[in-house]
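Undergrad:
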Amino acid sequence: MTAQILLHPSLMPLEGGVNFRDLGGNTVADGRRIKRGLLFRSGALDTLTEQDQQFLSNLPLNVILDYRDADEVAAKPDILWSGCEYHQVAANPMSHEVNANLERLTAETIAAFDPQAFMLELYRRLPFNNAAYKKLVSLLCETQEGALVQHCAVGKDRTGMGAVIVLLALGAEWSTIKEDYLLTETTLANFRENMLDKLSITLPPEALEKFAYVLSVQELFIDTALQAILEAYGTTDSWLEKEYGMTEEVRETLRDRYLE
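The numbers in my numbering rise by one with no breaks, and the one at position 178 of the sequence shown is 168.
#1: If you follow the alpha helix (DSSP H) that E183 is part of, which residue opens it and which one closes it?
#2: Note down the Cα distance separating Y248 from L160, rounded to an integer number of angstroms.
#3: By Cβ distance below 8 Å, which residues in the same chain neighbour T243 in space, the five residues on each side in sequence not counted?
#4: Would you mind sorting K125 into buried or exposed? The rule is 16 or more other CB atoms within 10 Å of its CB.
#5: Could you round the C-beta distance between Q43 and W71 to whole angstroms and report it? I think they count as a contact, below 8 Å.
#6: With a threshold of 16 other CB atoms inside 10 Å of the CB of S0, please say whether the residue is buried or exposed.
#7: With a CB to CB cut of under 6 Å and the five nearest residues on each side skipped, what residues in its chain are close to I155?
#8: Can you have a look at Y113 and say buried or exposed, based on whether 16 or more other CB atoms are within 10 angstroms of its CB?
#9: Could you tell me the alpha carbon to alpha carbon distance between R115 and G136, rounded to whole angstroms?
#10: Which residue comes first and which comes last in the alpha helix (DSSP H) that contains E62?
#11: Do you know how far the Cα of A143 is from the Cα of A90?
#12: Cutting at 7 Å between CB atoms, please list the residues of its own chain near I(-5), excluding the five before and the five after it.
#13: Return the chain-ordered list of same chain residues with a C-beta closer than 7 Å to the C-beta of T214, the five sequence neighbours on each side being excluded.
#14: Under the three-state reduction of DSSP, which class applies to V204: helix, strand or coil?
#15: Keeping to the same chain, check which residues put their C-beta closer than 7 Å to that of S190; ignore five residues upstream and five downstream.
#16: Please report the straight-line C-alpha distance between T37 and G7, rounded to a whole angstrom.
#17: Just to check my reading of the structure: L35 and L138 have Cβ atoms closer than 8 Å, yes? What is that Cβ distance to the nearest angstrom?
#18: By DSSP's criteria, L110 is part of a beta bridge. Which residues make up the other side?
#19: Where does N82 sit, in a helix, a strand or coil, going by DSSP?
#20: From F30, Y57, L13, A65, pick the residue whose C-alpha is nearest to that of L51; which is it?
#21: By Cβ distance below 6 Å, which residues in the same chain neighbour Y57 in space, the five residues on each side in sequence not counted?
#22: Suppose the cutoff is 8 Å on Cβ atoms and the five residues either side in sequence are ignored; what does the same chain contact list for L129 look like?
#23: Check R26 in the structure and name its three-state DSSP category.
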């Protein structure tokens, strides 16, 4: 995985990480930057090496928020290091239809699966009444020292929406948020290619094409989420406040901690 470092400077130098990167360095609307080494986003942490664990504990990264469903966690539990605090709150509002635990899918399920319809509906639902993001906000407000990582299976959709919340709260413009979101197409490239190669052994080409779409990063996905937010609340500020209790006062407190 160390080869991923060449893909983007935000990627962390981990041997077993999946799309593990730092939100630090992004600039917000008032010209300040997010501090490095405090806010991370990632895929699952089940393949971390001992060296990775030592590196993360030295940051120190001490809060983990896992957005995966219970069966995903059971199949690939995170590797935890000394001193870290682990929280698991499922973020997928459509887990009854499909999740990242591909082993439970049947041939019939795959045949009937419309990948674009699924992804657009996922992004319409993710922003609302989501207990996982309520937990994210509480952890952001509670964490006074050390760093936090939010993650799902590959660090793309559930984590992508969590990153939207963080970046909006800190005052980032939508262009910056979209750039960070679309960056996953690059930073996930190696993992996605390896995963599709493995799936190609057991899946027919039509099914593989569907999974390739689900694993892709599309501007349409994040635009669909934004449209749903604006239709429901008019502004992203109103959404943050009414869905997740992020008043201007709360956001200013977070900016004081996470911006420089």
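Virtual Cβ for every residue (Gly too), placed ideally from N, Cα, C.
TA: So, to answer that:
#1: Residue 183 sits at position 193 when you count from the first residue of the sequence shown. Run containing E183: 179 to 189, per the alpha helix (DSSP H) assignment.
#2: Numbered from its first residue, the sequence shown carries residue 248 at position 258. Numbered from its first residue, the sequence shown carries residue 160 at position 170. If I take the Cα positions, the gap works out to 8 Å.
#3: Taking the sequence shown and counting its residues from 1, one reaches residue 243 at position 253. Hits under 8 Å: C131.
#4: Taking the first residue of the sequence shown as position 1, residue 125 is located at position 135. K125 comes out buried.
#5: Mapped onto the sequence shown, residue 43 falls at position 53. Mapped onto the sequence shown, residue 71 falls at position 81. At roughly 4 Å, the Cβ-Cβ gap stays under 8 Å, so Q43 and W71 are in contact.
#6: One-based indexing of the sequence shown puts residue 0 at position 10. Answer is buried; the Cβ neighbour count reaches 16.
#7: Along the sequence shown, one-based indexing puts residue 155 at 165. Cβ-Cβ distances below 6 Å link I155 to Y123 in the same chain, with the five nearest sequence neighbours on each side left out; the list follows chain order.
#8: Taking the first residue of the sequence shown as 1, we reach residue 113 at position 123. The residue in question, Y113, is buried, as its Cβ has 16 or more Cβ neighbours within 10 Å.
#9: On the sequence shown, position 125 is the one that residue 115 refers to. On the sequence shown, position 146 is the one that residue 136 refers to. Roughly 31 Å separates the two Cα atoms.
#10: As a position in the sequence shown, residue 62 is number 72, starting the count at 1. 60 to 65 is the span of the alpha helix (DSSP H), which, as asked, contains E62.
#11: Residue numbering aside, residue 90 sits at position 100 when the sequence shown is read from its first letter. Residue numbering aside, residue 143 sits at position 153 when the sequence shown is read from its first letter. At A90 the pLDDT is 47, less than 50, meaning the model places this residue with poor confidence and gives no usable figure here.
#12: Working through the sequence shown from its first residue, we reach residue -5 at position 5. Because the pLDDT of I(-5) is 41, which lies under 50, any placement of that residue in the model is unreliable, and the number read from its coordinates should be weighed accordingly. Result list for I(-5): L1, P3, in chain order.
#13: Residue 214 sits at position 224 when you count from the first residue of the sequence shown. Hits under 7 Å: L110, Y113, R114.
#14: Along the sequence shown, read from residue 1 onward, the residue named residue 204 stands at position 214. Looking at V204 - three-state DSSP - the assignment turns out to be helix.
#15: For the purposes of this step, residue 190 is taken as residue 200 along the sequence shown, with counting starting at 1. Cβ within range, chain order: L198.
#16: Counting from 1 along the sequence shown, the entry for residue 37 is found at position 47. Counting from 1 along the sequence shown, the entry for residue 7 is found at position 17. Those two C-alpha atoms are separated by around 7 Å.
#17: Along the sequence shown, read from residue 1 onward, the residue named residue 35 stands at position 45. Along the sequence shown, read from residue 1 onward, the residue named residue 138 stands at position 148. Actually they do not touch by this definition, with Cβ atoms about 13 Å apart.
#18: One-based indexing of the sequence shown puts residue 110 at position 120. Partner(s): none; L110 has no beta bridge.
#19: In the sequence shown, the residue the question calls residue 82 occupies position 92. Reduced to three states, the DSSP call for N82 is coil.
#20: Along the sequence shown, one-based indexing puts residue 51 at 61. Taking only the C-alpha atoms, the option nearest L51 is F30.
#21: As a working mapping, residue 57 is identified with position 67 in the sequence shown. Closer than 6 Å at Cβ, skipping near neighbours: A81, A122, C142, R148.
#22: On the sequence shown, position 139 is the one that residue 129 refers to. The beta carbon of L129 lies closer than 8 Å to those of V53, L55, H77, L138 in the same chain, with the five residues before and after it left out.
#23: Here the question's residue 26 lines up with position 36 in the sequence shown. It is coil, neither helix nor strand.
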